[in-house]
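Trainee: For what it's worth, the numbering used here labels the leading residue of the sequence shown as 1, then goes sequentially.
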Amino acid sequence: MTAQIATLLVERGAPGTPSRVDAFAVPFAPGQSLLDGLRWVRAHADPTLALRYSCLNANACKECMMLVDGVVAYACTARLEAREVRVGPLPNKALIRDLVTEIAPPDERFPSARPGDRA
Ligand code: FES
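1. For V26, count the other beta carbons within 10 Å of its own beta carbon; 16 or more makes it buried, fewer makes it exposed. Which is it?
2. With a threshold of 8 Å, establish whether the CB of T77 neighbours any heavy atom of the ligand FES.
3. Beta-carbon within less than 7 Å of A78's beta-carbon, same chain only, minus the 5 sequence neighbours each way: which residues are those?
4. Excluding the 5 residues preceding and the 5 following V72 in the sequence, name in chain order all residues of the same chain whose CB lies nearer than 8 Å to its CB.
5. Heavy atom of the ligand FES less than 8 Å from the Cβ of K93, yes or no?
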């Protein structure tokens with residue numbers, strides 16, 4: 001079976017640096033997820049692409065949440081399609097790099113530097 005091609009337009013950047021959009025042509029088989037495609041990019045095209053995930057395909061960890069065509073979605077449950085798909089970081093969270101944003105509740109972040117904490 002011939003692989004189909006999805007074009008992932010990925011918003012990249014970090015705080016204090018200009019953002020950019022990189023395009024990646026990603027081969028896929030029907031049923032593969034956007035997370036599969038982003039992992040393919042890291043393995044075959046650009047190992048510097050930053051993304052976060054844990055459970056891979058269960059919609060359980062919620063770490064792969066990102067903007068997919070302007071809508072918040074889980075990359076592990078979104079399916080690749082043979083078209084352009086724009087992917088970006090969550091807009092209402094602090095950007096760490098590329099598709100990674102700060103998602104931990106403030107009192108669960110490490111290292112702690114809250115006022116009143118003991119050194
Ligand atoms: S990787 Fe865990 S919810 Fe998507």
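Even for Gly, the Cβ is constructed at its ideal location relative to N, Cα and C. From a predicted model like this one, the values you see are computed outputs, not experimental measurements.
Mentor: For this structure:
1. Here the question's residue 26 lines up with position 26 in the sequence shown. V26 is buried by the Cβ-count criterion.
2. Counted from its first residue, the sequence shown places residue 77 at position 77. Checking the Cβ of T77 against the ligand FES gives yes.
3. What you label residue 78 is simply residue 78 of the sequence shown in a count that begins at 1. Same-chain partners within the cutoff: S33, L34 and V68.
4. Here residue 72 corresponds to residue number 72 of the sequence shown, with the count starting at 1. If we look at V72 and ignore the five residues flanking it on each side, its Cβ neighbours are M65, M66 and L90.
5. Working through the sequence shown from its first residue, we reach residue 93 at position 93. Because no heavy atom of the ligand FES lies under 8 Å away, the Cβ of K93 does not count as near it: no.
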